[in-house]
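Chains as they are written, first to last, in this note's numbering: chain A, 1 to 223; chain B, 224 to 430.
Quick reminder that beta carbons are idealized off the backbone N, C-alpha and C, glycines included.
Note that this is a predicted model, so its numbers are computed, not measured.
Take a look at the structure below.
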Amino acid sequence: MNGVHDLGGMQGFGPVQPEPESEEPVFHAEWESRVYGITRLLGRLGLWNLDKSRYNREQLPPADYLSFSYYESWFAGLQKQLVKSGLISEEELQTGRASAPVPDGIMERVVNAEQVRAVPIMTTSYVRPEPAPPRFAPGDRVRALNRHPRGHTREPRYVRGHVGTVHEHYGSQVYPDLSAEGVDEGHHLYSVRFDASELWGESADANSVVYVDLWEDYLEPAT
Amino acid sequence: MSHHDHDHTEPPSDIELRVKALESLLVEKGLVDPEALDALIDLYEDKIGPSNGKHVVAHAWADEEFRQWLLDDPNAAIASMGYVGSQGEQVRVVENTDDVHNLVVCTLCSCYPWPLLGLPPVWYKSMPYRAQAVADPRGVMRQFGSEVPEEKEVRVWDSTSEMRYLVLPQRPEGTEGWTEEQLMELVTRNSMVGVEEARLPATVGTA
Numbered sequence: 001m002n003g004v005h006d007l008g009g010m011q012g013f014g015p016v017q018p019e020p021e022s023e024e025p026v027f028h029a030e031w032e033s034r035v036y037g038i039t040r041l042l043g044r045l046g047l048w049n050l051d052k053s054r055y056n057r058e059q060l061p062p063a064d065y066l067s068f069s070y071y072e073s074w075f076a077g078l079q080k081q082l083v084k085s086g087l088i089s090e091e092e093l094q095t096g097r098a099s100a101p102v103p104d105g106i107m108e109r110v111v112n113a114e115q116v117r118a119v120p121i122m123t124t125s126y127v128r129p130e131p132a133p134p135r136f137a138p139g140d141r142v143r144a145l146n147r148h149p150r151g152h153t154r155e156p157r158y159v160r161g162h163v164g165t166v167h168e169h170y171g172s173q174v175y176p177d178l179s180a181e182g183v184d185e186g187h188h189l190y191s192v193r194f195d196a197s198e199l200w201g202e203s204a205d206a207n208s209v210v211y212v213d214l215w216e217d218y219l220e221p222a223t
Numbered sequence: 224m225s226h227h228d229h230d231h232t233e234p235p236s237d238i239e240l241r242v243k244a245l246e247s248l249l250v251e252k253g254l255v256d257p258e259a260l261d262a263l264i265d266l267y268e269d270k271i272g273p274s275n276g277k278h279v280v281a282h283a284w285a286d287e288e289f290r291q292w293l294l295d296d297p298n299a300a301i302a303s304m305g306y307v308g309s310q311g312e313q314v315r316v317v318e319n320t321d322d323v324h325n326l327v328v329c330t331l332c333s334c335y336p337w338p339l340l341g342l343p344p345v346w347y348k349s350m351p352y353r354a355q356a357v358a359d360p361r362g363v364m365r366q367f368g369s370e371v372p373e374e375k376e377v378r379v380w381d382s383t384s385e386m387r388y389l390v391l392p393q394r395p396e397g398t399e400g401w402t403e404e405q406l407m408e409l410v411t412r413n414s415m416v417g418v419e420e421a422r423l424p425a426t427v428g429t430a
């Protein structure tokens, strides 16, 4: 979706204003750490995936997305996902009291402390069998398609319609546009290099390039 | 945690209360194990942070064979040091040289190599950084006090997939014979995202 989350190249947000590296805490308040931890743990129940979580946050009202702090957005997305997946009811969310049963097959998957501490730490594989041979190879010229899907996508607006060169083929990986709809399929993924002048015209930063990871569905051959 | 600079006589904020209410509900329903929650938060507050990445970079600076391995097969090289975990399953290491400077961003959300750098700082997730990095990388770096000459190619890596990027900064001159521990002092989190260069030897007390 053409949402406000798709920020690359937008103007008017002001300076970056970093906190000094040595002084910045991992979390700026205790509730942030709880939101982070709860989101991670419940994500392991297997009822939703990373793309659904991202899509939930992207669908926040634009004014909320822009004004919420980072973990406020996570909290809003989490609450929405919990109700959508039946883990808690709307009523429970309002009252804070447990009144609805947990769906079957969930309790066995609740993550314990031992699983949290196991190495490697809660990894996920994104590699999937190849649907077909790859259409492109390193060195090929490609154009990012001018598409505007209403659902989730990882093709940022600033590359659409622009021509770049395939830098690397990353193999077949979970395709986010379908993954956000609950369909788990691998599609070919590429790193594509764009000259800054192709993307930004006369405003481009001199001698700079942008590498963007793009799935095959986002690309067509260019000459 | 609660040791940040707010006055403890103040009532808790609305968001604090709402998060606490949700946590209690989830614990009551048995969906969140409180011990697991504390363990997870501890991991990211105390163990998984930029020192992992600093270790990898310093090791690459000190050991040419490892540096080559890190660039050719980053996942195997990083796994050999044990820094594997969520959001670091597939890593590419991009090297700064005399001719190239690399900068990492996620314009669409906040993708970041957690097992190597920990959780991202606020500025990395902020609207200004996500908006500017792809269109004006030198302008962004200037806000961190860094200047990249025009002769150098700036490569911006927008993390739009599940690939994660780590910048291998240039080893500063005047560090010949330094140990890996000494070299680690020169590596900053910001230099591994690419908004800065590594620190100069004169800025640390080791020389």
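Partner residues in the beta bridge of A:H169, as assigned by DSSP, are A:Y190. Cβ contact annotation for B:V357 (same chain, cutoff 7 Å, sequence separation greater than five): V328, T330, V379 and D381, in chain order. Closer than 8 Å at the C-beta level to chain A, one finds these residues of the segment 375-391 of chain B: K375, E376, V377, R378, V379, W380, D381, S382, T383, S384, E385 and M386. The beta carbon of B:D359 sits closer than 7 Å to some beta carbon of chain A. At a cut-off of 7 Å between beta-carbon atoms, B:M350 makes contact with chain A. Residues of chain A whose Cβ lies closer than 9 Å to the Cβ of B:W292 do not exist; the shortest such Cβ separation is about 18 Å.
Cβ-Cβ distances below 7 Å link B:H278 to M304 and M407 in the same chain, with the five nearest sequence neighbours on each side left out; the list follows chain order. Neighbourhood of B:W346 in chain A, by CB distance below 8 Å: V16, Q17, P18 and E19, in chain order. Taking the beta carbon of B:S369 as reference, no residue of chain A falls within 9 Å; the closest one sits roughly 12 Å away. Contact annotation: B:L293 and B:V316 have beta-carbon atoms nearer than 7 Å. Residue contact check for A:F68 against chain B: no CB pair falls below 7 Å.
Assigned with DSSP and collapsed to three states, B:H278 falls in helix. Along the segment 95-117 of chain A, going in chain order, the ones with a CB nearer than 8 Å to a CB of chain B are G96, R97, A98, V102, I106, M107, V110, V111, N112, A113, Q115, V116 and R117.
Remark: C-beta atoms of A:A132 and A:Y55 do not approach each other more closely than 7 Å. Note that the C-beta distance between A:Y170 and A:E185 is not below 7 Å.
One thing to note: A:Y190 has its Cβ no nearer than 7 Å to the Cβ of A:G8. Taking the beta carbon of B:I238 as reference, the chain A residues within 8 Å of it are W31, E72 and F75, listed in sequence order.
Secondary-structure assignment with DSSP links A:D195 through a beta bridge to A:V209.
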